Each structure stands twice: as structure tokens, then as C-alpha cells.
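K.L.:
Sequential numbering of the sequence shown, starting at 1089, is according to the numbering used here.
Using N, Cα and C, we set each Cβ at its ideal position, and we do this for glycine too.
Since we're looking at a predicted model, the values are computed, not measured.
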Amino acid sequence: MAKSKTMYYCKNCGAQSAKWLGRCPECNEWNTFEEEVILQESATAQKGRFSPVVQSAPKVIDDIELTRFPRTETGFAEFDRVLGGGIVKGSIVLLGGEPGIGKSTLLLQMALRLHGQKVLYVSGEESEAQLKMRAARLSSDPAPHCYVLTETSTQQIFKHIDSLQPDILIVDSIQTMQSDLLESAAGSISQLKECAAEFQHFAKRTACPVFLIGHITKDGSLAGPKLLEHIVDTVLQFEGDQHYGYRMVRCIKNRFGSTSELGIFEMLQDGLREVQNPSEILVSQHEEDYSGNAIACILEGNRPMMIETQALVSSAVYGTPQRSATGYDIRRMNMLLAVLEKRCRFKLGAKDVFLNIAGGLRVEDPAINVAIVAAILSSATDIALDNKTCFAGEMGLSGEVRPVTRIAQRIAEADKLGFTRMFVSKYNLKGIRPSDYSLQIVPITKVEEMARLLFQ
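1) Hey, Ala1284 and Ile1319: beta-carbon distance below 8 Å or not?
2) Starting from Phe1299, follow the beta strand (DSSP E) in both directions and report where the run begins and ends.
3) Mind checking Leu1443: buried by the 16 CB within 10 Å criterion, or exposed?
4) Quick check: what's the CA-CA separation for Ser1211 versus Val1176?
5) Once the 5 residues before and after Gln1243 are set aside, which same chain residues still bring their CB inside 6 Å of it?
6) According to DSSP, Ala1446 sits in a beta bridge with which residue or residues?
7) In this structure, how does DSSP classify Ala1295 when only helix, strand and coil are distinguished?
8) Whose C-beta lies closer than 6 Å to the C-beta of Leu1473 among residues of the same chain, with five residues either side of it excluded?
9) Compute the Euclidean distance between the alpha carbons of Tyr1378 and Thr1240, then round it to the nearest angstrom.
10) Alpha carbon to alpha carbon, how far is Lys1247 from Arg1111?
11) Determine the closest residue to Gly1204 out of Arg1293, Gly1163, Ile1189, with distance taken between C-alpha atoms.
12) Between Asn1475 and Tyr1515, what straight-line distance do the alpha-carbon atoms span, to the nearest angstrom?
13) Indicate the three-state DSSP secondary structure (helix, strand or coil) for Val1427 in the structure shown.
14) Based on the DSSP output, what are the partners of Gly1359 in its beta bridges?
15) Distance check for Arg1490 and Thr1533, CA to CA, integer angstroms please.
16) Going by the DSSP bridge assignment, what does Pro1392 pair with across the sheet?
17) Taking just the CA atoms, how far does Ser1412 sit from Tyr1406?
18) Which residues in the same chain as Ile1352 place their Cβ atom closer than 7 Å to its Cβ, once the five residues preceding and following it in sequence are excluded?
19) Taking C-beta to C-beta, are Val1170 and Glu1349 nearer than 8 Å?
20) Can you tell me the Cβ-Cβ gap for Tyr1332 and Gly1448, rounded? I've got them flagged as a contact below 8 Å.
21) Mind checking which residues open and close the alpha helix (DSSP H) that includes Glu1327?
22) Considering only their Cβ atoms, is the gap separating Leu1270 from Gln1279 smaller than 8 Å?
23) In chain order, what are the residue ranges of uninterrupted alpha helix (DSSP H) at least 4 long that sit wholly in the stretch 1193-1253?
24) What residue range is occupied by the uninterrupted beta strand (DSSP E) comprising Gln1528?
25) Could you name the residues that DSSP lists as bridge partners for Phe1511?
26) Cα separation between Leu1196 and Phe1290?
27) With a cut-off of 8 Å on the beta carbons, I'd call Ser1552 and Asp1453 a contact; round off their distance for me.
28) Count the other C-beta atoms from every protein chain shown that fall within 10 angstroms of the C-beta of Ile1495, then say buried if there are 16 or more, exposed otherwise.
29) I want to check one thing, is the minimum distance from the CB of Ser1179 to the heavy atoms of the ligand COA below 7 Å?
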């Protein structure tokens, strides 16, 4: 007979304790312990768990054969890019994002496109009729390979899996799943750990890829213990601005690929559309030139893309100058303003400065620094920059323009998109032949030199 006991779990890091603690000894957060009633497993229940097929034994690392992971394409080239080339057999992927951002739409659309693969879509949040309505909106083609199951009990789910034998499993969402081995409510820390462990054992035992949809908290982190992110092989963040309609899949953790890749989609009436050329959404299409606009060539992962930076410099009305940045770290913007004040003698201390990255994207690449400085100077002088000019360079505290990585890829992307002039660091031109490109490459060493060339 199973017995129940009371345990306390930290909702921030997942640490457990037999009694309530005001401060977690693991993550040092206050008032994060929550009480949960746990049903201890009986010997029969423990035997019913998944167990590895092959007993492990220590091996010399030189004797281990290097095997390639076979991958299955998802039907989305952008999604394949983020996953590292496709779905790996036996992998478990966690997809998180805000409510209504399109997590279920993305995975259901992927399931409908995976012809030749038997896909089981398990939903604990929607009914069969709701899923049918969504699928009819996403695709009009027949999908005899896609099966739908509305269930929250993991034990019942595994019974259906044993009879169906799917090639790919999608769970929407992990917070709604509940194991009969525990007495606590669905979504609790113990249930999340137990259900995630059961799906992990299933994926490794059967080599069936598992996709888990996860909720996030109000501060943007994945709901549940941090252990959930350690259990899975890949953690993806689905983000975007509701007002733009563009969605980005960002890789946070990936055991089978790079963690710096980014996939871009556009949310339409009939589902998500891949954006093969991100510059089309990140650079505004206008015939006239406006002051305060500058185009930077940044890198997201291994992909170069053009992005428009918009700056507005105006006189401070209320005496205290305002500083605001959307899509960019405001502390780095203040640093660039201090460099302009010191090196270029631009008096911006009594000016309001507003900065915006077009398209709703948040940029961390330091190569955008020179473009931001150019946009601020353009707005301060009210002189428009040529929309066929782009920038790629990092700004130092002494006003020097520092080199950036993968400059050849950036120049090639600018050349392909029809730009006629590109400002780069002089120290970036080693091994670069300007004659190989049709655009003019302008080498600069200091911010004063760039200002003189732009506004002479």
C-alpha cells in the first residue's frame, strides 16, 4: 500500500526539504518553498517504470565508436536550423513561450507536415474538436499520419503509445500532465519532475523524439524547477511581439547542435510562414530618407542579417533628459552617448535620446554599435543617411572602431542585398579583397572619422 508524506520544494530551483524554510539554501531566494503531499511509490509501481535495455559498463573513450545522429526534417527549414539540422531520434525538446504566442500552432503545423512519420499529438489543454478546427485552418491536405489524444494521465498516455507505436510524440503541455504515482496536483514541482522523467525514459528507451510544450512565468523563465531544463536535450524559446506578428525561435540549450541559432516566422491567418530573408522584415521599406535611421549588419548565430536602428534626439522639455531603448541594452546606449560626448564633442547631456530596434528584435551583437552611433548623430544633426549604406563595427570607450567576427559573411550579405557602401573597422580588412565585392568598403578607425565622412 502506498504511503503519503509531506515535502517542501523550492519553486525557483527545485530544492527539497522535509520542513519549511524561509530562505532556500541552494539559490538563496526567500519565501519560495511550497508544501506538497507526495504518494510514495510501492514496489509494484517502481517495477513498472521504464528501465534501460542495456546495462551500462565503463569503457575506454578511445574504444567508443563515433556515430552520427540520424535526423528527420520538420518541414520548416527555419525550425530545422534551430534544432541543428532536424529532429534527432530519442531526443527530448522543450519549447517555452508566452501564452498565445503560437507554441501549439508551430508544433501542430509541424505534425501535419511530417508525412511518412506517425505522429501522436497529446493535448491536455484542448479538446479534439478544438484541435480539429485548428488543423483545418492550418492545412487543407489530409493527414492520416497525425493522431490526436486528449489525456493528462501519463500512465494512460503510455498505454495508448504502446498500442499506437508513434514515431514522434508531442505533449501539450507538460504542466497539465499528471502521474498516478504522485498525489500532488498537476503543475506542481514534483509532478513536473516526475512526468518529465517518465517522458525522458520513454524517449531514451524507444528512440522516439518527444516535444514538450512548457509554460513560462511572468518574468519570462520556464515555469517549474530548473531541473526540467537539465533533463531535456534541447530548450527552445518561442518569442515575439504581439503587435508585429513576427515570431522567433531561439535556442537556449542544444546537445545536438549550436545554441546560437535563430529561426524567424510570421504569424498569418493560416498559420506560421517561414521568413527566409529576415532583412525584409527588419529593414523598413520607404522611398524617402529620414534622419535618425541607420542599417546595421548583425549576426544571429551563423546568419548575417540587416536590421534598422532608429534614434530620436530632441531637447529635454522637463529639465531631466530621458534615455529610452527598445530592443537594446540601455546601459550600453549610455556608454555610447558618453563616447560621443567625450570624443566627438556632441553635447547630448541636455538632450532626450530614444532608441528603437525595428522589427521587435532584441540585439546583443556588439557590431550594431557603429550603426547606433550613426543613427544618433544623424538625428542630432537632422541629416538623413543614405539607405544604401550599412555599418558593422564595435565601439570602444576611447572612440576606436573595433573589428567584429565573420566580416566576410557580413560584407557578402550586404553586397547581395544591394547596398552600395559599408563602414567597417580598418582592422577587419586583413584577408579581405574589396575588388571581390560590388559595394564600396569604407575602413574607419575612430568615431570622429566616421562622423566626418558621413556629415562632411
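P.N.:
Short version:
1) The beta carbons of Ala1284 and Ile1319 sit closer together than 8 Å.
2) 1298-1302
3) buried
4) If I take the Cα positions, the gap works out to 22 Å.
5) Cβ-Cβ distances below 6 Å link Gln1243 to Asp1268 in the same chain, with the five nearest sequence neighbours on each side left out; the list follows chain order.
6) Beta-bridge pairing links Ala1446 to no other residue.
7) coil
8) Ala1382, Ser1466
9) 55 Å
10) 41 Å
11) Gly1163
12) 25 Å
13) helix
14) Leu1356
15) 8 Å
16) Leu1387
17) 15 Å
18) Glu1166, Tyr1334, Met1336, Val1363, Pro1366
19) yes
20) The Cβ separation is near 4 Å, so the contact holds.
21) That residue, Glu1327, is in no alpha helix (DSSP H); its beta strand (DSSP E) goes 1322-1328.
22) In this structure, Leu1270 lies closer than 8 Å to Gln1279 by Cβ.
23) 1216-1226, 1242-1252
24) Run containing Gln1528: 1528-1532, per the beta strand (DSSP E) assignment.
25) Phe1479, Val1530
26) One Cα belongs to Leu1196, the other to Phe1290, and the distance between them is close to 21 Å.
27) Because the chain spans 1089 through 1544 in this model, residue 1552 falls outside it and cannot be assessed.
28) With 16 or more Cβ atoms within 10 Å of its Cβ, Ile1495 is classed as buried.
29) Here there are no bound small molecules, and the ligand COA is not part of this structure.
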